[in-house]
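Take this note's numbering: the last position of the sequence shown gets the number 561, and nothing is skipped along the way. See below for the structure under consideration.
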Amino acid sequence: MRAVTVLRCWGLFLLLFLLGCQSISETAVAPTPQTAAALVLSDAEVAVPLPSITPPPQSTEQPPTFTPLPVPTATATLQPTALPIVAVAVPEAWQPVLQNAIVELERSHSLWEWQLADTETAVIQLVNDASGILVKQEPLALTVPFTADWEETNRAQAEEILQNGHNYVTVLPWSHLEPHQKALRVDGRFPTDPDYPFQDSYSLVAADGFETAAAELAAVLQASEPAIIHLAAVGDLMLARSLGAALEQGKLDYPFVHTADSLRNADITVGNVESALGNIGEPAVKSYPFQAPPEAAEALAQAGFDVVSLANNHAMDYGAEALLQAVSLLETQGVLPVGAGADSTAAHKPVMIEQNGMTVAFLSYVNVPVEARSGFDTASWKATASSPGMAWADPAQIHADVTAAAPQADLVIVLLHSGYEYVAAPSESQTAAAHAAVDAGADVVIGHHAHILQGIEFYQDGVILYGTGNFAFEIDGDPETAVFHLWLDAEGVRQIQIEPAIIQFGGQPRPATAAEAYPIRQLIYARTNVLNPR
(Lines of atoms letter the chains of each structure in order from A and count residues from 1; the text may use other names and numbers.)
(Lines give C-alpha, C1' and ligand atoms only; values in the text may rest on other atoms or scores of the structure.)
Protein backbone atom coordinates (compact mmCIF):
# COMPACT_ATOMS: atom_id res chain seq x y z
CA MET A 1 0.00 0.00 0.00
CA ARG A 2 2.83 2.29 0.88
CA ALA A 3 4.52 1.49 -2.36
CA VAL A 4 1.38 2.37 -4.22
CA THR A 5 1.15 5.71 -2.42
CA VAL A 6 4.76 6.52 -3.25
CA LEU A 7 4.17 5.58 -6.81
CA ARG A 8 1.16 7.87 -6.96
CA CYS A 9 3.20 10.78 -5.59
CA TRP A 10 5.97 10.33 -8.12
CA GLY A 11 3.40 10.12 -10.87
CA LEU A 12 1.82 13.34 -9.68
CA PHE A 13 5.17 15.12 -9.61
CA LEU A 14 6.00 13.84 -13.09
CA LEU A 15 2.68 15.10 -14.39
CA LEU A 16 3.18 18.55 -12.84
CA PHE A 17 6.70 18.75 -14.29
CA LEU A 18 5.47 17.92 -17.78
CA LEU A 19 2.65 20.47 -17.57
CA GLY A 20 5.12 23.16 -16.40
CA CYS A 21 7.45 22.49 -19.31
CA GLN A 22 4.53 22.72 -21.71
CA SER A 23 3.51 26.11 -20.25
CA ILE A 24 7.02 27.48 -20.66
CA SER A 25 7.28 26.27 -24.23
CA GLU A 26 3.90 27.86 -25.05
CA THR A 27 5.10 31.26 -23.88
CA ALA A 28 8.41 30.99 -25.75
CA VAL A 29 7.47 29.40 -29.07
CA ALA A 30 4.40 28.43 -30.98
CA PRO A 31 2.87 25.26 -29.49
CA THR A 32 3.27 21.90 -31.22
CA PRO A 33 0.19 19.57 -31.08
CA GLN A 34 0.68 16.80 -28.48
CA THR A 35 -1.30 13.52 -27.79
CA ALA A 36 -2.98 13.81 -24.39
CA ALA A 37 -1.39 11.52 -21.79
CA ALA A 38 -3.76 9.31 -19.78
CA LEU A 39 -3.01 7.91 -16.36
CA VAL A 40 -4.66 4.48 -15.94
CA LEU A 41 -5.29 3.21 -12.41
CA SER A 42 -6.34 -0.21 -11.42
CA ASP A 43 -9.82 -0.85 -9.98
CA ALA A 44 -8.30 -1.34 -6.63
CA GLU A 45 -6.79 2.05 -6.55
CA VAL A 46 -8.69 4.97 -5.12
CA ALA A 47 -9.10 7.83 -7.63
CA VAL A 48 -7.40 11.00 -6.52
CA PRO A 49 -8.61 14.24 -8.20
CA LEU A 50 -5.88 15.93 -10.21
CA PRO A 51 -5.22 19.60 -9.48
CA SER A 52 -6.34 22.05 -12.22
CA ILE A 53 -3.61 24.20 -13.72
CA THR A 54 -4.64 27.87 -13.99
CA PRO A 55 -2.68 29.77 -16.64
CA PRO A 56 -1.00 32.95 -15.45
CA PRO A 57 -3.19 36.02 -15.88
CA GLN A 58 -2.71 37.99 -19.13
CA SER A 59 -1.38 41.50 -18.66
CA THR A 60 -3.93 44.24 -19.44
CA GLU A 61 -1.28 46.99 -19.60
CA GLN A 62 -1.21 48.65 -23.07
CA PRO A 63 2.07 49.52 -24.79
CA PRO A 64 3.03 53.19 -24.42
CA THR A 65 1.59 55.58 -26.97
CA PHE A 66 3.92 58.23 -28.48
CA THR A 67 2.25 61.53 -29.43
CA PRO A 68 4.14 63.41 -32.21
CA LEU A 69 5.34 66.92 -31.41
CA PRO A 70 3.71 69.73 -33.38
CA VAL A 71 5.60 70.88 -36.49
CA PRO A 72 6.73 74.52 -36.19
CA THR A 73 4.86 76.80 -38.55
CA ALA A 74 7.47 79.68 -38.53
CA THR A 75 11.22 80.14 -38.01
CA ALA A 76 12.15 81.91 -34.83
CA THR A 77 13.58 85.42 -35.41
CA LEU A 78 16.72 86.34 -33.52
CA GLN A 79 16.79 89.88 -32.29
CA PRO A 80 19.99 91.73 -33.44
CA THR A 81 22.41 92.91 -30.85
CA ALA A 82 22.59 96.68 -30.73
CA LEU A 83 25.87 98.06 -32.09
CA PRO A 84 27.90 100.38 -29.89
CA ILE A 85 27.32 104.01 -30.83
CA VAL A 86 30.22 106.18 -31.98
CA ALA A 87 29.52 109.92 -31.93
CA VAL A 88 31.75 111.91 -34.30
CA ALA A 89 32.24 115.69 -34.49
CA VAL A 90 33.66 117.36 -37.62
CA PRO A 91 33.80 120.95 -38.90
CA GLU A 92 30.72 122.04 -40.85
CA ALA A 93 32.52 121.87 -44.21
CA TRP A 94 33.35 118.21 -43.49
CA GLN A 95 29.82 117.09 -42.61
CA PRO A 96 28.84 115.99 -46.16
CA VAL A 97 32.11 114.05 -46.35
CA LEU A 98 31.37 112.35 -43.04
CA GLN A 99 27.83 111.44 -44.13
CA ASN A 100 29.22 109.76 -47.24
CA ALA A 101 31.78 107.94 -45.10
CA ILE A 102 29.04 106.67 -42.76
CA VAL A 103 27.12 105.27 -45.74
CA GLU A 104 30.27 103.49 -46.89
CA LEU A 105 30.91 102.08 -43.41
CA GLU A 106 27.35 100.75 -43.16
CA ARG A 107 27.75 99.03 -46.53
CA SER A 108 30.87 97.32 -45.25
CA HIS A 109 28.99 96.05 -42.14
CA SER A 110 30.88 98.11 -39.60
CA LEU A 111 30.67 96.88 -36.01
CA TRP A 112 29.84 100.41 -34.87
CA GLU A 113 26.80 102.64 -35.21
CA TRP A 114 28.05 106.00 -36.46
CA GLN A 115 26.40 109.29 -35.58
CA LEU A 116 27.19 112.94 -36.26
CA ALA A 117 27.48 114.82 -32.98
CA ASP A 118 28.73 118.06 -31.46
CA THR A 119 32.10 118.41 -29.82
CA GLU A 120 30.68 118.07 -26.29
CA THR A 121 29.22 114.60 -26.82
CA ALA A 122 31.57 113.23 -29.48
CA VAL A 123 34.02 110.44 -28.70
CA ILE A 124 35.89 111.06 -31.97
CA GLN A 125 36.73 114.52 -33.31
CA LEU A 126 38.27 115.74 -36.55
CA VAL A 127 40.78 118.43 -35.62
CA ASN A 128 42.70 120.87 -37.82
CA ASP A 129 46.19 119.60 -37.01
CA ALA A 130 48.27 116.43 -37.24
CA SER A 131 47.94 115.35 -33.59
CA GLY A 132 45.79 112.27 -34.28
CA ILE A 133 45.32 109.76 -37.09
CA LEU A 134 46.10 111.76 -40.24
CA VAL A 135 43.10 111.96 -42.58
CA LYS A 136 44.01 114.74 -44.96
CA GLN A 137 47.03 116.89 -45.65
CA GLU A 138 47.13 119.44 -48.44
CA PRO A 139 49.26 122.48 -49.19
CA LEU A 140 48.33 125.80 -47.64
CA ALA A 141 48.62 128.25 -50.53
CA LEU A 142 49.58 131.91 -50.29
CA THR A 143 47.64 133.32 -53.23
CA VAL A 144 47.59 136.55 -55.22
CA PRO A 145 45.72 137.48 -58.42
CA PHE A 146 46.92 135.44 -61.41
CA THR A 147 48.34 138.44 -63.28
CA ALA A 148 50.07 139.96 -60.25
CA ASP A 149 53.71 140.92 -60.61
CA TRP A 150 54.65 138.68 -57.71
CA GLU A 151 55.75 135.09 -58.20
CA GLU A 152 57.49 133.92 -55.04
CA THR A 153 58.54 134.59 -51.47
CA ASN A 154 60.84 133.00 -48.91
CA ARG A 155 59.94 130.92 -45.89
CA ALA A 156 60.49 133.65 -43.32
CA GLN A 157 58.20 136.06 -45.18
CA ALA A 158 55.65 133.31 -45.72
CA GLU A 159 55.57 132.49 -42.00
CA GLU A 160 55.06 136.16 -41.21
CA ILE A 161 52.14 136.29 -43.66
CA LEU A 162 50.62 133.19 -42.08
CA GLN A 163 51.02 134.73 -38.64
CA ASN A 164 49.92 138.31 -39.29
CA GLY A 165 48.17 138.26 -42.67
CA HIS A 166 48.79 140.47 -45.70
CA ASN A 167 46.51 142.89 -47.55
CA TYR A 168 47.36 141.41 -50.95
CA VAL A 169 47.66 137.72 -50.01
CA THR A 170 44.84 135.26 -49.43
CA VAL A 171 45.78 132.11 -47.52
CA LEU A 172 43.66 129.08 -48.29
CA PRO A 173 43.91 125.31 -48.79
CA TRP A 174 45.22 124.46 -52.24
CA SER A 175 41.98 122.65 -53.18
CA HIS A 176 40.09 125.94 -52.75
CA LEU A 177 42.28 127.75 -55.26
CA GLU A 178 40.47 129.35 -58.22
CA PRO A 179 42.04 129.60 -61.71
CA HIS A 180 42.21 133.41 -61.49
CA GLN A 181 44.41 133.08 -58.40
CA LYS A 182 48.09 132.24 -58.32
CA ALA A 183 49.96 130.44 -55.55
CA LEU A 184 53.27 132.04 -54.64
CA ARG A 185 56.34 129.84 -54.71
CA VAL A 186 58.07 129.51 -51.33
CA ASP A 187 61.86 129.24 -51.70
CA GLY A 188 61.24 128.09 -55.27
CA ARG A 189 58.71 125.41 -54.31
CA PHE A 190 55.15 125.30 -55.61
CA PRO A 191 52.36 123.96 -53.39
CA THR A 192 52.24 120.87 -55.60
CA ASP A 193 55.91 120.06 -54.92
CA PRO A 194 56.40 117.25 -52.37
CA ASP A 195 58.71 119.32 -50.15
CA TYR A 196 56.49 122.40 -49.97
CA PRO A 197 56.74 123.52 -46.31
CA PHE A 198 53.20 124.60 -45.37
CA GLN A 199 50.53 121.94 -45.08
CA ASP A 200 46.94 122.10 -43.89
CA SER A 201 46.36 118.92 -41.86
CA TYR A 202 43.27 117.20 -40.46
CA SER A 203 43.37 114.21 -38.13
CA LEU A 204 41.02 112.12 -35.96
CA VAL A 205 41.42 112.23 -32.17
CA ALA A 206 39.61 109.48 -30.21
CA ALA A 207 38.58 109.00 -26.59
CA ASP A 208 39.92 105.96 -24.75
CA GLY A 209 38.38 102.76 -26.08
CA PHE A 210 37.48 104.22 -29.47
CA GLU A 211 40.89 104.08 -31.13
CA THR A 212 39.85 101.14 -33.33
CA ALA A 213 36.74 102.97 -34.48
CA ALA A 214 38.80 106.06 -35.30
CA ALA A 215 41.21 103.99 -37.40
CA GLU A 216 38.28 102.45 -39.31
CA LEU A 217 36.78 105.87 -40.03
CA ALA A 218 40.16 107.33 -41.00
CA ALA A 219 40.68 104.65 -43.64
CA VAL A 220 37.40 105.60 -45.35
CA LEU A 221 38.06 109.34 -45.15
CA GLN A 222 41.57 108.89 -46.54
CA ALA A 223 40.18 106.93 -49.50
CA SER A 224 37.88 109.85 -50.36
CA GLU A 225 40.77 112.22 -51.14
CA PRO A 226 40.12 113.95 -54.50
CA ALA A 227 42.27 112.96 -57.48
CA ILE A 228 44.54 115.52 -59.16
CA ILE A 229 45.81 115.53 -62.75
CA HIS A 230 48.83 117.54 -63.89
CA LEU A 231 48.47 118.58 -67.54
CA ALA A 232 51.26 120.16 -69.62
CA ALA A 233 50.29 121.98 -72.82
CA VAL A 234 52.44 123.48 -75.56
CA GLY A 235 51.73 125.04 -78.94
CA ASP A 236 52.82 124.20 -82.49
CA LEU A 237 55.20 121.29 -83.09
CA MET A 238 56.69 121.46 -86.58
CA LEU A 239 59.32 118.73 -86.78
CA ALA A 240 60.48 119.33 -90.35
CA ARG A 241 63.32 121.54 -91.62
CA SER A 242 66.33 121.46 -89.25
CA LEU A 243 64.53 119.45 -86.59
CA GLY A 244 63.44 116.89 -89.18
CA ALA A 245 66.98 116.57 -90.50
CA ALA A 246 68.21 115.75 -87.01
CA LEU A 247 65.51 113.10 -86.62
CA GLU A 248 66.46 111.48 -89.92
CA GLN A 249 70.03 111.22 -88.61
CA GLY A 250 68.74 109.22 -85.63
CA LYS A 251 68.85 112.08 -83.10
CA LEU A 252 65.39 111.39 -81.74
CA ASP A 253 65.92 113.37 -78.54
CA TYR A 254 67.21 116.47 -80.31
CA PRO A 255 63.99 118.52 -80.65
CA PHE A 256 63.09 118.30 -76.94
CA VAL A 257 66.40 117.55 -75.25
CA HIS A 258 66.13 120.67 -73.04
CA THR A 259 62.42 120.43 -72.25
CA ALA A 260 61.61 116.71 -72.14
CA ASP A 261 62.00 116.46 -68.36
CA SER A 262 59.34 119.10 -67.83
CA LEU A 263 57.03 117.51 -70.40
CA ARG A 264 57.45 114.00 -69.01
CA ASN A 265 56.86 115.21 -65.45
CA ALA A 266 53.18 115.85 -66.22
CA ASP A 267 50.50 113.17 -66.07
CA ILE A 268 49.27 114.13 -69.55
CA THR A 269 51.15 116.23 -72.14
CA VAL A 270 49.47 117.71 -75.22
CA GLY A 271 50.54 119.67 -78.31
CA ASN A 272 49.65 120.42 -81.93
CA VAL A 273 51.49 118.65 -84.77
CA GLU A 274 51.75 121.50 -87.29
CA SER A 275 52.65 119.37 -90.31
CA ALA A 276 52.01 116.21 -92.20
CA LEU A 277 53.91 113.29 -90.68
CA GLY A 278 55.31 110.45 -92.77
CA ASN A 279 56.98 109.86 -96.12
CA ILE A 280 54.19 109.57 -98.68
CA GLY A 281 52.01 111.94 -100.68
CA GLU A 282 52.49 115.09 -102.74
CA PRO A 283 52.55 118.64 -101.38
CA ALA A 284 49.32 120.60 -101.56
CA VAL A 285 49.12 123.79 -103.59
CA LYS A 286 49.28 126.19 -100.67
CA SER A 287 51.72 128.31 -98.72
CA TYR A 288 54.32 126.42 -96.70
CA PRO A 289 53.46 122.71 -96.98
CA PHE A 290 55.26 120.87 -94.16
CA GLN A 291 56.02 117.17 -93.68
CA ALA A 292 57.91 115.77 -90.69
CA PRO A 293 59.70 112.42 -91.16
CA PRO A 294 58.24 109.19 -89.75
CA GLU A 295 60.78 109.33 -86.90
CA ALA A 296 58.91 112.33 -85.51
CA ALA A 297 56.26 110.06 -84.02
CA GLU A 298 58.84 108.24 -81.91
CA ALA A 299 60.49 111.53 -80.92
CA LEU A 300 57.16 112.84 -79.64
CA ALA A 301 56.60 109.68 -77.63
CA GLN A 302 60.08 109.82 -76.09
CA ALA A 303 59.53 113.45 -75.09
CA GLY A 304 56.40 112.52 -73.15
CA PHE A 305 53.56 113.56 -75.43
CA ASP A 306 50.32 111.66 -74.84
CA VAL A 307 47.82 113.49 -77.07
CA VAL A 308 48.45 115.59 -80.20
CA SER A 309 46.02 117.50 -82.37
CA LEU A 310 45.90 116.95 -86.12
CA ALA A 311 43.06 119.44 -86.62
CA ASN A 312 45.05 122.27 -88.20
CA ASN A 313 45.94 123.84 -91.53
CA HIS A 314 48.99 121.60 -92.17
CA ALA A 315 48.05 118.01 -91.21
CA MET A 316 46.93 117.26 -94.79
CA ASP A 317 49.73 119.18 -96.52
CA TYR A 318 50.67 115.92 -98.30
CA GLY A 319 47.18 114.56 -98.86
CA ALA A 320 44.65 112.28 -97.23
CA GLU A 321 46.86 109.18 -97.38
CA ALA A 322 49.64 111.02 -95.58
CA LEU A 323 47.14 112.05 -92.89
CA LEU A 324 46.18 108.43 -92.33
CA GLN A 325 49.86 107.47 -92.25
CA ALA A 326 50.42 110.06 -89.52
CA VAL A 327 47.54 108.62 -87.51
CA SER A 328 49.03 105.13 -87.81
CA LEU A 329 52.60 106.20 -86.96
CA LEU A 330 51.47 108.11 -83.88
CA GLU A 331 49.21 105.37 -82.59
CA THR A 332 52.00 102.83 -83.03
CA GLN A 333 54.15 104.92 -80.67
CA GLY A 334 51.35 105.31 -78.10
CA VAL A 335 50.68 108.95 -78.97
CA LEU A 336 46.95 109.55 -79.45
CA PRO A 337 45.93 111.78 -82.38
CA VAL A 338 42.69 113.74 -82.09
CA GLY A 339 40.64 115.95 -84.40
CA ALA A 340 41.28 114.13 -87.69
CA GLY A 341 40.82 110.70 -89.20
CA ALA A 342 39.41 108.48 -91.90
CA ASP A 343 35.97 110.13 -91.83
CA SER A 344 33.87 112.61 -89.86
CA THR A 345 33.07 110.06 -87.17
CA ALA A 346 36.78 109.49 -86.50
CA ALA A 347 37.56 113.21 -86.64
CA HIS A 348 34.91 114.06 -84.05
CA LYS A 349 35.53 111.05 -81.82
CA PRO A 350 36.90 112.05 -78.40
CA VAL A 351 40.14 110.58 -77.15
CA MET A 352 39.58 109.17 -73.66
CA ILE A 353 42.43 108.87 -71.16
CA GLU A 354 42.18 107.24 -67.73
CA GLN A 355 44.52 108.98 -65.29
CA ASN A 356 44.67 109.02 -61.48
CA GLY A 357 41.18 107.61 -61.16
CA MET A 358 39.60 110.13 -63.54
CA THR A 359 38.58 110.03 -67.19
CA VAL A 360 39.67 112.91 -69.42
CA ALA A 361 38.07 113.45 -72.84
CA PHE A 362 39.95 115.34 -75.58
CA LEU A 363 38.37 116.89 -78.67
CA SER A 364 40.06 119.03 -81.32
CA TYR A 365 38.94 121.44 -84.04
CA VAL A 366 40.26 123.85 -86.67
CA ASN A 367 38.83 127.09 -88.06
CA VAL A 368 41.35 129.36 -89.78
CA PRO A 369 40.94 131.99 -92.51
CA VAL A 370 41.60 131.43 -96.19
CA GLU A 371 45.28 131.91 -97.03
CA ALA A 372 45.72 135.40 -98.47
CA ARG A 373 48.64 134.54 -100.74
CA SER A 374 47.57 131.17 -102.17
CA GLY A 375 43.83 131.33 -101.71
CA PHE A 376 43.89 127.91 -100.06
CA ASP A 377 40.89 127.23 -97.81
CA THR A 378 41.47 124.78 -94.95
CA ALA A 379 37.71 124.20 -94.79
CA SER A 380 38.16 122.03 -97.89
CA TRP A 381 39.84 119.48 -95.62
CA LYS A 382 36.75 119.02 -93.48
CA ALA A 383 36.11 115.31 -92.93
CA THR A 384 32.93 113.85 -94.40
CA ALA A 385 31.03 110.63 -93.87
CA SER A 386 33.13 108.97 -96.58
CA SER A 387 36.39 110.92 -96.81
CA PRO A 388 39.35 111.60 -94.50
CA GLY A 389 39.84 115.00 -92.99
CA MET A 390 39.53 117.02 -89.81
CA ALA A 391 36.90 118.38 -87.44
CA TRP A 392 35.84 121.90 -88.36
CA ALA A 393 35.27 124.32 -85.47
CA ASP A 394 31.61 125.03 -85.96
CA PRO A 395 30.28 126.30 -82.58
CA ALA A 396 27.06 124.29 -82.80
CA GLN A 397 28.96 121.09 -83.60
CA ILE A 398 31.47 121.75 -80.82
CA HIS A 399 28.60 122.24 -78.39
CA ALA A 400 27.03 118.96 -79.50
CA ASP A 401 30.31 117.02 -79.29
CA VAL A 402 31.18 118.33 -75.83
CA THR A 403 27.65 117.66 -74.60
CA ALA A 404 27.95 114.06 -75.80
CA ALA A 405 31.41 113.54 -74.28
CA ALA A 406 30.76 115.13 -70.89
CA PRO A 407 28.71 112.27 -69.36
CA GLN A 408 31.50 109.84 -70.25
CA ALA A 409 34.31 111.80 -68.60
CA ASP A 410 35.25 113.68 -65.45
CA LEU A 411 36.99 116.39 -67.46
CA VAL A 412 36.63 117.61 -71.06
CA ILE A 413 39.51 119.41 -72.78
CA VAL A 414 39.14 120.99 -76.21
CA LEU A 415 42.09 121.82 -78.49
CA LEU A 416 41.36 124.68 -80.88
CA HIS A 417 43.43 125.75 -83.90
CA SER A 418 41.99 129.14 -84.72
CA GLY A 419 42.49 132.90 -84.91
CA TYR A 420 44.69 135.22 -86.96
CA GLU A 421 48.43 134.67 -87.30
CA TYR A 422 50.57 137.11 -85.31
CA VAL A 423 47.53 138.93 -83.89
CA ALA A 424 47.31 139.03 -80.08
CA ALA A 425 43.55 139.44 -79.80
CA PRO A 426 41.39 136.35 -80.37
CA SER A 427 39.24 136.48 -83.50
CA GLU A 428 35.45 136.39 -83.35
CA SER A 429 35.30 132.85 -84.69
CA GLN A 430 38.01 131.79 -82.24
CA THR A 431 36.10 133.26 -79.30
CA ALA A 432 32.78 131.81 -80.46
CA ALA A 433 34.22 128.32 -80.74
CA ALA A 434 35.94 128.52 -77.34
CA HIS A 435 32.84 129.85 -75.60
CA ALA A 436 30.67 127.16 -77.19
CA ALA A 437 32.98 124.50 -75.75
CA VAL A 438 32.86 125.92 -72.22
CA ASP A 439 29.12 126.58 -72.40
CA ALA A 440 28.64 122.88 -73.19
CA GLY A 441 30.76 121.78 -70.23
CA ALA A 442 34.40 121.84 -71.34
CA ASP A 443 36.81 122.56 -68.49
CA VAL A 444 39.72 123.83 -70.60
CA VAL A 445 40.24 125.11 -74.14
CA ILE A 446 43.85 125.09 -75.39
CA GLY A 447 44.48 127.18 -78.49
CA HIS A 448 47.17 127.55 -81.15
CA HIS A 449 47.72 128.85 -84.70
CA ALA A 450 48.61 132.53 -84.06
CA HIS A 451 52.33 131.63 -83.71
CA ILE A 452 52.51 134.03 -80.73
CA LEU A 453 51.45 133.88 -77.10
CA GLN A 454 47.92 135.11 -76.47
CA GLY A 455 46.02 135.76 -73.25
CA ILE A 456 44.02 133.52 -70.94
CA GLU A 457 40.30 134.04 -70.38
CA PHE A 458 38.53 132.88 -67.22
CA TYR A 459 35.14 132.29 -68.80
CA GLN A 460 32.21 130.88 -66.82
CA ASP A 461 33.58 127.78 -65.05
CA GLY A 462 36.26 127.14 -67.67
CA VAL A 463 39.72 128.33 -68.65
CA ILE A 464 40.60 129.34 -72.22
CA LEU A 465 44.26 129.52 -73.27
CA TYR A 466 43.74 131.28 -76.59
CA GLY A 467 47.27 131.00 -77.92
CA THR A 468 50.13 128.83 -76.69
CA GLY A 469 52.45 130.00 -79.49
CA ASN A 470 55.06 127.92 -81.26
CA PHE A 471 57.09 125.43 -79.29
CA ALA A 472 59.35 123.29 -81.49
CA PHE A 473 59.42 125.18 -84.76
CA GLU A 474 62.13 126.57 -87.05
CA ILE A 475 60.40 129.78 -88.10
CA ASP A 476 61.10 133.47 -88.34
CA GLY A 477 59.23 135.16 -85.55
CA ASP A 478 59.14 135.76 -81.84
CA PRO A 479 61.21 133.17 -79.96
CA GLU A 480 59.22 133.57 -76.72
CA THR A 481 57.08 130.61 -75.76
CA ALA A 482 56.08 128.62 -72.68
CA VAL A 483 54.98 125.33 -71.23
CA PHE A 484 51.57 125.81 -69.63
CA HIS A 485 51.11 123.61 -66.56
CA LEU A 486 47.58 123.06 -65.29
CA TRP A 487 46.50 121.10 -62.23
CA LEU A 488 42.93 119.85 -62.35
CA ASP A 489 40.58 118.00 -60.06
CA ALA A 490 37.07 116.78 -60.86
CA GLU A 491 35.77 120.34 -60.55
CA GLY A 492 38.13 121.73 -63.19
CA VAL A 493 41.31 123.81 -63.19
CA ARG A 494 42.80 124.39 -59.78
CA GLN A 495 46.11 126.07 -60.65
CA ILE A 496 47.98 127.39 -63.71
CA GLN A 497 51.75 127.75 -63.87
CA ILE A 498 53.57 129.36 -66.77
CA GLU A 499 57.05 127.98 -67.49
CA PRO A 500 58.64 130.42 -69.99
CA ALA A 501 60.87 129.05 -72.75
CA ILE A 502 62.88 130.31 -75.71
CA ILE A 503 62.93 128.80 -79.21
CA GLN A 504 66.55 128.69 -80.30
CA PHE A 505 67.90 129.06 -83.82
CA GLY A 506 66.91 125.88 -85.66
CA GLY A 507 63.66 125.43 -83.75
CA GLN A 508 64.79 123.70 -80.56
CA PRO A 509 63.11 125.03 -77.34
CA ARG A 510 64.92 125.52 -74.03
CA PRO A 511 63.86 126.86 -70.61
CA ALA A 512 64.10 130.64 -70.34
CA THR A 513 66.58 132.28 -68.01
CA ALA A 514 65.22 134.39 -65.15
CA ALA A 515 65.85 137.55 -67.17
CA GLU A 516 64.06 136.08 -70.18
CA ALA A 517 61.19 134.61 -68.17
CA TYR A 518 60.00 137.87 -66.61
CA PRO A 519 58.94 139.64 -69.85
CA ILE A 520 57.32 136.45 -71.16
CA ARG A 521 55.08 136.21 -68.12
CA GLN A 522 54.34 139.94 -68.24
CA LEU A 523 53.31 139.61 -71.88
CA ILE A 524 50.86 136.83 -71.08
CA TYR A 525 49.55 138.69 -68.01
CA ALA A 526 48.94 141.89 -69.98
CA ARG A 527 47.02 140.04 -72.68
CA THR A 528 45.10 138.15 -70.00
CA ASN A 529 44.03 141.38 -68.28
CA VAL A 530 42.55 142.61 -71.58
CA LEU A 531 40.39 139.49 -71.75
CA ASN A 532 39.25 139.70 -68.12
CA PRO A 533 38.31 143.33 -67.40
CA ARG A 534 37.62 144.01 -63.75
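Ideal Cβ placement from N, Cα and C applies to all residues, glycine included.
Neighbourhood of residue i by C-beta distance below 7 Å, restricted to the same chain and skipping five residues each side
| i | result |
| --- | --- |
| residue 174 | 552, 555, 556 |
| residue 137 | 243 |
| residue 320 | 271, 274, 275, 306 |
| residue 374 | 366, 367, 368, 410, 416, 417, 418 |
| residue 482 | 493, 551, 554, 555, 557, 558 |
| residue 475 | 262, 263, 299, 444, 494, 495 |
| residue 468 | 429, 430, 433, 439 |
CA-to-CA distance, residue j to residue i, given in whole angstroms
| i | j | result |
| --- | --- | --- |
| residue 559 | residue 207 | 10 Å |
| residue 441 | residue 258 | 13 Å |
| residue 411 | residue 435 | 25 Å |
| residue 498 | residue 438 | 25 Å |
| residue 462 | residue 486 | 8 Å |
| residue 288 | residue 296 | 11 Å |
| residue 110 | residue 386 | 39 Å |
| residue 447 | residue 230 | 53 Å |
| residue 120 | residue 248 | 14 Å |
| residue 277 | residue 324 | 13 Å |
| residue 395 | residue 527 | 26 Å |
| residue 452 | residue 301 | 21 Å |
| residue 513 | residue 269 | 30 Å |
| residue 237 | residue 218 | 34 Å |
| residue 388 | residue 354 | 18 Å |
| residue 478 | residue 504 | 8 Å |
| residue 310 | residue 502 | 19 Å |
| residue 352 | residue 304 | 7 Å |
| residue 225 | residue 122 | 25 Å |
| residue 293 | residue 357 | 19 Å |
| residue 538 | residue 472 | 24 Å |
| residue 317 | residue 267 | 7 Å |
DSSP beta-bridge partners of residue i
| i | result |
| --- | --- |
| residue 391 | 442 |
| residue 210 | 170 |
| residue 497 | 263 |
| residue 370 | None; residue 370 has no bridge partner. |
| residue 299 | 263, 336 |
| residue 154 | 230 |
Local Cβ density within 10 Å of residue i, reported as buried at 16 or more and exposed below that
| i | result |
| --- | --- |
| residue 126 | exposed |
| residue 561 | exposed |
| residue 223 | buried |
| residue 518 | exposed |
| residue 393 | buried |
| residue 532 | exposed |
| residue 49 | Any reading at residue 49 is ruled out, since the residue's pLDDT is 48, under 50, leaving its predicted position unreliable. |
| residue 336 | buried |
| residue 535 | buried |
| residue 327 | buried |
| residue 146 | exposed |
| residue 507 | buried |
| residue 176 | exposed |
| residue 134 | exposed |
| residue 265 | buried |
Backbone secondary structure at residue i - three-state DSSP
| i | result |
| --- | --- |
| residue 450 | coil |
| residue 230 | strand |
| residue 507 | strand |
| residue 283 | helix |
| residue 463 | helix |
| residue 386 | strand |
| residue 249 | helix |
| residue 138 | coil |
| residue 429 | helix |
| residue 116 | strand |
| residue 197 | strand |
| residue 345 | coil |
| residue 375 | helix |
| residue 478 | coil |
| residue 219 | coil |
| residue 486 | strand |
| residue 436 | coil |
| residue 244 | helix |
| residue 110 | coil |
| residue 354 | helix |
| residue 526 | strand |
Cutoff 6 Å; reference residue i; Cβ partners in own chain excluding five residues on either side
| i | result |
| --- | --- |
| residue 408 | 343, 416, 417 |
| residue 179 | 211, 212 |
| residue 39 | The predicted position of residue 39 is uncertain, since its pLDDT is 48 and thus under 50; no value can be drawn from it. |
| residue 286 | 536 |
Residues of its chain near residue i, where Cβ-Cβ distance is below 8 Å and the 5 sequence neighbours each way are ignored
| i | result |
| --- | --- |
| residue 414 | 347, 370 |
| residue 188 | 169, 180, 196, 198 |
| residue 155 | 118, 227, 228, 229 |
| residue 167 | 189, 198, 199, 200, 201, 218, 225, 226, 227 |
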